Amino acid sequence: MISASTDDMNEPYHMDNLKLFKASTQDAEVVFRLMQYYFFEASAWSDEEILPDGLYDCALADVEARLRDEPDWTRLIWLDGALCGFVQVDVFEFEGGELPELADLFVLPKHRGKGIAAAVVKELVRPETGEWLLATFRKDKTARAFWQRNLPKMGIAQRVPPGPEKEDFRYLLIRAQ
């Protein structure tokens with residue numbers, strides 16, 4: 417789910433020096449480490465516990481398998497030649513079809529406030545890509561406020577999907593205009 421680790425839009429969302437690279441199985445250890453930072457930060461509101469081995473519930477073998485089986489799952493975010501985060505895209509079954517889900521977006525603290533999250537969303541959610549699912553944890557008030565404040569600035573329409581809400585998540589359907 418999208419976490420509070422997204423950055424605010426202080427800069428324009430188009431960045432020539434921002435690059436998204438699809439992660440491959442060779443990147444599994446990097447993705448795994450970034451996910452540990454992501455889970456650490458989210459543990460303040462996700463109630464996730466650290467395991468006895470000192471890691472969060474994310475196995476390197478699972479990351480490797482996912483990168484192998486779903487090559488569009490993770491993109492590494494680079495800005496000015498520095499690794500600054502990741503974004504993960506899942507497929508979500510919805511109303512008899514499938515939607516891409518902006519599942520996890522994590523920007524390292526050093527790189528926040530530069531408009532990276534907005535630039536990543538604008539790169540992925542384009543008019544030709546149709547509707548996307550955006551989910552945030554209900555307890556992650558920072559992420560929910562970020563999207564409420566910034567989706568309109570990005571020219572992205574949002575609507576609450578029909579049907580019952582899940583207890584832990586808040587869902588939005590988003591579409592670039």
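417 is the number of the first residue of the sequence shown in this note's numbering; add one for each residue after it.
Each residue gets a CB set at the ideal place from its N, CA and C atoms; glycine is no exception.
Owing to the predicted nature of the structure, the values given are computational and were not obtained by experimental measurement.
Here residue 544 carries a helix assignment [DSSP, helix/strand/coil]. With a cutoff of 8 angstroms on beta-carbon distance, residue 536 and residue 592 are scored as not near each other. Per the coordinates, the alpha-carbon of residue 488 lies some 9 angstroms from the alpha-carbon of residue 440.
In the same chain as residue 507, and ignoring 5 residues on each side of it, the C-beta atoms closer than 8 angstroms to its own belong to 514, 515, 516 and 517, in chain order. As the crow flies, the alpha-carbon of residue 498 is around 10 angstroms from that of residue 433. A straight-line Cα-Cα distance of about 34 angstroms links residue 443 and residue 577. The beta-carbon separation of residue 556 and residue 461, rounded to 5 angstroms, stays under the 8 angstroms limit for a contact. Burial state of residue 565 is exposed, judged by a 10 Å Cβ sphere holding fewer than 16 other Cβ atoms. Looking at the DSSP output, residue 590 sits in a beta bridge with 548 and 574. In the structure shown, residue 532 falls within a helical segment according to DSSP collapsed to helix, strand and coil. Membership of residue 476 in the alpha helix (DSSP H) is indicated by the continuous run 476-485. CA-to-CA, the gap between residue 503 and residue 466 works out to about 22 angstroms. In the DSSP assignment, residue 557 falls within the alpha helix (DSSP H) that extends over 557-566. When DSSP reads this structure, residue 504 sits in a beta bridge with 490 and 520. For residue 581, the secondary structure class from DSSP, reduced to helix, strand or coil, is coil. Less than 8 angstroms separates the beta-carbon of residue 454 from that of residue 522.
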